[in-house]
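Engineer:
Numbering (our numbering), first residue to last: 372 to 644.
(1) Does the beta-carbon of residue 598 have 16 or more other beta-carbons within 10 angstroms, so that it is buried, or is it exposed?
(2) Pop quiz: residue 636 and residue 548 are said to be a contact at Cβ under 8 Å. What is the actual Cβ separation, rounded to whole angstroms?
(3) Let me know the beta strand (DSSP E) ranges lying completely inside the region 480-527, each 3 residues or longer, listed in chain order.
(4) Helix, strand or coil, according to DSSP, for residue 631 in the structure here?
(5) Using a 10 Å radius around the Cβ and a threshold of 16 neighbouring Cβ atoms, would you call residue 471 buried or exposed?
(6) Could you give the first and the last residue of the continuous alpha helix (DSSP H) run that contains residue 387?
(7) Using the Cα positions of residue 586 and residue 492, report the straight-line distance between them to the nearest angstrom.
(8) Quick check on DSSP: helix, strand or coil for residue 411?
(9) For residue 434, is the classification buried or exposed, using 16 other Cβ atoms within 10 angstroms of its Cβ as the cut-off for buried?
(10) Contact between the region 459-476 and the region 550-563 is defined here as three or more beta-carbon pairs at a separation below 8 Å; is this criterion met?
(11) Quick one: complete alpha helix (DSSP H) runs, 4+ long, within the region 533-614?
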């Protein structure tokens, strides 16, 4: 029988990329499993990927667009809010999945060895399916409102998705390492995600916020992502490269710190799961 020796990884981040590559098939299996079971045993199945953001758009359009008269950068409010919601939903779903990934798979963690980092990272890929479906709906809405889509989004969309992925992965891996020991995270996270929604320019433009508080919005990587998405897709304003760079920088910091903390505490996962 072959003997397998597990050695500690040296270095600040402590990521063994060769090991992750060797387990790439397992990464694919976890990702595909999550996609298949996501809407399993539901009546309308994957249609929830359309209904969830669409119903939120309707509610926000009625209360914030019609009643509160919140400005929408000279585009129809349903388009304005839906263009932000599709990125927000991807972020919040990926964050929630990554945060709960270790707890949801604790039986596997106790039985076999594999790079634990695969679990939170694979769950951040799954919501891309929902994003693609919602993005197609957004394109159909643009046709309905007779609005043209700017070509810049074709170039920037992959970049925006990568930054969103890094942000959700970084925060999610950090929280997953805490969540497996302190299960309170599982119950507190949905509340904080809802709060974070209202401090992110999803239902309102950044121009509504006083300029002296703009720096607070910039601490949230989703601000630059959503603002850049609207500017590049709908032409709401000129594209501000600095916004995207700030979001990318914070996303990178969150990702590195999340991975560092995850790897630092990984050795106790099987004991506390």
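The beta carbon of each residue, even a glycine, is placed where N, CA and C say it ideally should be.
Structural biologist: Short version:
(1) buried
(2) 5 Å
(3) none
(4) Residue 631 carries a helical assignment under DSSP once its states are collapsed to helix, strand and coil.
(5) buried
(6) Where residue 387 is concerned, there is no enclosing alpha helix (DSSP H), given that its DSSP letter is neither H nor E.
(7) 29 Å
(8) coil
(9) exposed
(10) yes
(11) 555-569, 585-589, 592-605
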